[in-house]
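So the sequence shown is residues 1 to 463, counted in full-length UniProt numbering.
In what follows, a single structure is set out as structure tokens and then discussed.
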Amino acid sequence: MGGSRFATGPDPLYTPRMPPAIYETVKERCRDVLSELFERVGSPIEGPGKRDHGDIDMLVAVPKGAMASALAGKDESSDETADEENSPSNNDEISNAWDIIAAALGAVRMAKEQDRAANLAVPWPDDLEPEHDDDHGADDPGTTAAKKHIQVDVRICASVEELDWMLFKHAHGDIWNLLGSTIRPYGLTIDETALSIRVPEIERSNKRLARVELSRDPAAVLAFLGLRRDGFWDRPFASLDAMFEYAATCRLFWVRPPAAAAAAADSSPGDPPTTTARLAGLVGSDEGRAGLKANDRKRMATRPAFRAWQDEFIPACRAAGRFAPDPPSLTADEVAARVRTDAFAAFPGVREVFEARRDEFVAGRQREDITKAIRTAVPRDLDPWLRGRTVSALKKIVLLGDDEDGFGVAPDFAVRDDRGFWDVEKVVGWVGDHWEDVLGTQITVAAAAAAEDKDGRCLARRE
1 MGGSRFATGP DPLYTPRMPP AIYETVKERC RDVLSELFER VGSPIEGPGK
51 RDHGDIDMLV AVPKGAMASA LAGKDESSDE TADEENSPSN NDEISNAWDI
101 IAAALGAVRM AKEQDRAANL AVPWPDDLEP EHDDDHGADD PGTTAAKKHI
151 QVDVRICASV EELDWMLFKH AHGDIWNLLG STIRPYGLTI DETALSIRVP
201 EIERSNKRLA RVELSRDPAA VLAFLGLRRD GFWDRPFASL DAMFEYAATC
251 RLFWVRPPAA AAAAADSSPG DPPTTTARLA GLVGSDEGRA GLKANDRKRM
301 ATRPAFRAWQ DEFIPACRAA GRFAPDPPSL TADEVAARVR TDAFAAFPGV
351 REVFEARRDE FVAGRQREDI TKAIRTAVPR DLDPWLRGRT VSALKKIVLL
401 GDDEDGFGVA PDFAVRDDRG FWDVEKVVGW VGDHWEDVLG TQITVAAAAA
451 AEDKDGRCLA RRE
């Protein structure tokens with residue numbers, strides 16, 4: 001299969017896979033053309049051992065000349081409202097930019113996935129190979145052979161930093177699938193924007209909020225993971241095994257020894273690091289599949305390199321006793337705690353963001369739990385007005401520490417500690433024991449209000 005974006009539909013194009021010579025030549029031609037439009041142009045380093053290629057990926061940044069003018073309006077509108085961003089004038093500007101790119105590449109068709117990414121179909125160069133494939137496209141012996149095309153995927157990066165990260169993240173084919181599954185059990189995630197550390201207290205509820213960015217600098221990320229940079233990020237690996245051996249130099253790569261097989265069956269490497277005292281290290285093969293996340297299980301079916309990593313490399317290391325955790329009893333929770341300490345030391349400011357986000361989330365959950373307990377404690381069959389007043393008073397007392405309204409009922413302990421957290425069990429117990437006392441204050445308040453209202457009406461009649 002080749003690039004598939006234009007292979008279906010009412011007027012499909014034939015985009016077969018390219019042999020390496022064709023791929024490299026066309027990629028360089030695309031680079032030369034796009035370099036006339038952008039200051040920075042690049043393509044991710046290919047994965048090892050590729051015999052052919054389905055499409056060509058090009059990343060560009062820093063427009064110049066006519067391209068800079070075409071994109072200027074779009075960039076200047078980035079701080080405006082969503083409606084203004086989608087206005088016809090701005091859409092026209094980005095469309096003009098893509099028209100310039102398509103014309104420069106000689107594209108015969110274009111499909112935009114979003115404002116800054118598009119698939120383009122360019123003719124197969126007839127000076128390299130015949131532009132027709134005599135073995136394809138003839139439904140009967142009398143039809144003309146299909147004309148070949150090449151799919152070129154172009155992404156306009158918002159900055160040089162973004163371009164460098166995308167080149168890094170998509171280099172070497174599947175390497176970040178391998179490394180991602182290695183570091184994930186220890187609270188780290190790498191995605192299209194950065195390496196992040198996850199807040200375990202948050203990630204079950206909000207995976208995106210749980211991520212605290214560590215770095216989007218490739219050199220800093222490699223250093224933190226203990227991976228060498230020189231000689232490994234400027235050319236493809238010679239073989240799949242060479243890439244596997246390099247990935248295994250990550251300081252968080254361990255292979256669980258066979259003696260821990262029983263524990264492996266109960267482990268879930270994709271779970272947050274505080275959920276269970278599972279052992280550190282990968283298992284691989286059928287034994288380890290149960291612990292894979294859904295995305296990794298999908299990769300097992302669609303990514304041959306990832307499948308070989310799981311089914312061949314890791315089991316071979318395990319059988320040979322390579323990369324065993326030291327000590328063997330090392331747990332994922334212990335490693336995750338070390339990783340957090342290391343991250344706070346390596347990346348200034350991360351500790352403050354991590355702890356503030358965690359504390360805000362935990363306190364918010366405690367407020368929700370206490371509010372729910374208050375509403376549960378106060379019977380629903382009370383007079384609605386009295387019940388509402390009682391619930392409100394209890395919330396002021398235990399959530400805000402507020403007795404300005406003179407409730408006369410308050411806990412004999414501090415409701416919050418120095419970090420702003422509640423002892424939820426203690427507070428909920430107090431609510432269960434004292435809600436009737438607070439109800440009594442509200443009955444008194446209601447009676448006083450009624451008496452005052454009655455006195456006011458009597459005085460009005462006398463006047």
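Glycine is no exception: its CB is placed at the ideal position from the N, C-alpha and C atoms.
All figures in this text were calculated on a predicted structure; none of them were measured in a lab.
In the DSSP assignment, Ile56 falls within the unbroken beta strand (DSSP E) covering Ile56 to Pro63.
Annotation: Asp32 to Val26 spans about 10 angstroms, alpha carbon to alpha carbon.
Three or more Cβ pairs closer than 8 angstroms define a contact, and the stretch 203-215 falls short of that threshold against the stretch 150-164. Pairing Val427 with Val415 gives a Cβ-Cβ distance under 8 angstroms. Contact between the stretch 247-258 and the stretch 177-191 is present: three or more C-beta pairs spanning the two stretches fall below 8 angstroms.
A straight line joining the alpha-carbon of Asp217 with that of Asp127 spans about 41 angstroms. The way I'd put it, the stretch 370-377 doesn't touch the stretch 338-355; fewer than three beta-carbon pairs between them come closer than 8 angstroms. In the DSSP assignment, Gln442 is bridged to no other residue. In the DSSP assignment, Phe306 falls within the alpha helix (DSSP H) that extends over Pro304 to Ala308. For Lys169, there is no enclosing beta strand (DSSP E); the residue is part of the alpha helix (DSSP H) that begins and ends at Val160 to Lys169. Leu330 is the residue among Leu330, Pro236 and Ala305 whose C-alpha sits nearest the C-alpha of Leu279.
Counting other Cβ atoms within 10 Å of its Cβ, Gly388 stays below 16 and is therefore classed as exposed.
Around the beta carbon of Lys169, 16 or more other beta carbons sit within 10 angstroms, so the residue counts as buried.
Ala72 and Glu425 have their C-alpha atoms spaced approximately 57 angstroms apart.
For Ala343, no beta strand (DSSP E) segment is defined; the enclosing uninterrupted segment is the alpha helix (DSSP H) at Ala332 to Ala346. Only residues of its own chain outside the window of five on either side were considered, and among them Arg229 have a CB closer than 7 angstroms to the CB of Ala219, listed in chain order.
Inclusion of Gly42 and Leu167 in the CB contact set at 8 angstroms is warranted, their separation being smaller than that value. In terms of Cβ geometry, Ala290 and Tyr186 do not form a close pair [threshold 8 angstroms].
Taking a C-beta distance under 8 angstroms as the contact criterion, Ile183 and Leu225 qualify as a contact pair.
With a 10 Å radius around the Cβ and a threshold of 16 neighbouring Cβ atoms, Glu46 comes out buried.
Of the residues assessed, Ser4 falls on the exposed side of the cut-off, its CB having fewer than 16 other CB atoms within 10 angstroms.
Val378 sits buried, since 16 or more C-beta atoms from the chains shown fall within 10 Å of its C-beta. In the structure shown, the three-state DSSP call for Ser205 is coil. DSSP places Val26 within a helical segment (H, G or I) once states are collapsed to three.
Take Gly49, set aside five residues on each side of it, and the residues of its chain with a beta-carbon closer than 7 angstroms to its own are Ser239 and Leu240, in chain order. Separation of the CB atoms of Pro411 and Val391 is rounded to 17 angstroms, and the pair is thereby denied contact status at 8 angstroms.
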